[in-house]
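Undergrad: If you want our numbering, it's the position in the sequence shown, counting the first as 1, plus 8. Cβ atoms here follow ideal geometry from the backbone N, Cα and C, with glycine treated the same way. Only a predicted model underlies this, so the values are computations on that prediction, with no experimental measurement involved. Structure below; questions to follow.
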Amino acid sequence: MAARDTSGSAPSSRPGTALVTGASSGIGREAARLLAEKGFRVFGTSRSDRPGFDSVRMLRLDVTSDASVAACVDRLLDQVGMVDVLVNNAGALHRGIAEETALTEAAAVFETNLFGAARVANAVLPHMRERGRGRIVNVGSLAAWVGEPGEGYYAASKAALARYTEALRHEVRHLGVDVSLVEPGAFTTGVVEAATRSCGEIADYDQVRANAFETLERGLRKGGDPRRAAEVVVKAATARRPKPRYAAGSEALWLPPLRLLLPQWVLERLVRRGFHLPTAATRG
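Written out as structure tokens, the structure reads:
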């Protein structure tokens, strides 16, 4: 086994091989492109067959399938023999009031956003441990900090990803593997169009649902350029001493400390006002 470098240095003195999941659009596509521009040999993934772009070779990968993940990583290692950087970007947005969301629908969100990231990480970690170096960047979301109405299970899955990333960072650091979390705010990535939505609707939630969805969609469609978020991902992937967490977008910088400093009742009032929700009981 190669000697392990636990100094926190970058995976290699020169760009190596990067695997970027969810690279067919949005932040993942831009991150793959930027890594290629920096000289990395980049493989992107998508659930369906997609053509390569800008020196990025595409592989088919379904992060919810053990067999698909194993086949993808085996194919990559057969071709190039190494994985220096893994960017876990593949994710799924689900819109739905909590009671209206079937638990099977909620489980599917976690299967992609949490277990999908863990599944790919587990596939590359044996190789990284053997080489004594590697870099894993998990792409979370600012939604992890606030349980916004209309996307409770999505927010919960991203909060779980944050704590998983934190634990994994501690567990593998002595093996020469660095792990970081990037939490983007609102960026225009097409995630709204690809989002799943709860099938069942309950009349009592009509106003809350309409106002919550309108607020969420407006914020995402007016979001920033995904390339800006991708630049933060690449920073985490290439920094000599990577930090535990990187914020992408101005709101990702100020919301977490605000969440920690404000009294809970103030934050709750701000959320309800921002989503135009009733401030008092409307029945009974």
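Is there contact between the stretch 117–124 and the stretch 177–188, where contact requires at least three CB pairs shorter than 8 Å?
TA: Not touching, per the Cβ criterion.
Undergrad: To the nearest whole angstrom, what separates the beta carbons of Ile210 and Glu107, a pair I think is in contact under 8 Å?
TA: 6 Å
Undergrad: Taking 9 Å as the CB-CB limit, is Gly34 close to chain D?
TA: Considering every chain present, this structure includes no chain D. It has just one protein chain.
Undergrad: Answer with buried or exposed for Val71, where buried requires no fewer than 16 other C-beta atoms within 10 angstroms of its C-beta.
TA: buried
Undergrad: Look at Val242 and Ile105 and say whether their C-beta atoms are less than 9 Å apart.
TA: no
Undergrad: Hey, could you find the ends of the alpha helix (DSSP H) Pro265 is sitting in?
TA: Ser258 to Leu269
Undergrad: Among Ala129, Gly89 and Gly60, which residue has its Cα nearest to the Cα of Leu169?
TA: Nearest C-alpha to Leu169: Ala129.
Undergrad: Pull up the distance between the alpha-carbon of Ser40 and that of Thr196, whole angstroms please.
TA: It should be noted that the sequence gives Ala, not Ser, for residue 40. CA-CA distance, Ala40 to Thr196, rounds to 17 Å.
Undergrad: Write down every uninterrupted run of the beta strand (DSSP E) in the stretch 36–69 whose length is 3 residues or greater and which is fully enclosed by it, in chain order.
TA: 49–54 and 65–68
Undergrad: Beta carbon of Pro157, beta carbon of Val279: below 9 Å?
TA: yes
Undergrad: Considering only the beta carbon of each residue, do Ala255 and Arg236 sit closer than 9 Å?
TA: no
Undergrad: Buried or exposed: where does Trp262 fall if 16 or more other Cβ atoms within 10 Å of its Cβ makes it buried?
TA: exposed
Undergrad: Can you tell me which of Ser188, Leu94 and Phe61 puts its alpha carbon nearest to the alpha carbon of Tyr172?
TA: Ser188
Undergrad: Compare the C-alpha of Ile144 against each of Ala194, Ala75 and Thr246 and name the closest.
TA: Thr246
Undergrad: Does DSSP put Ser76 in a helix, a strand or coil?
TA: Looking at Ser76 - three-state DSSP - the assignment turns out to be helix.
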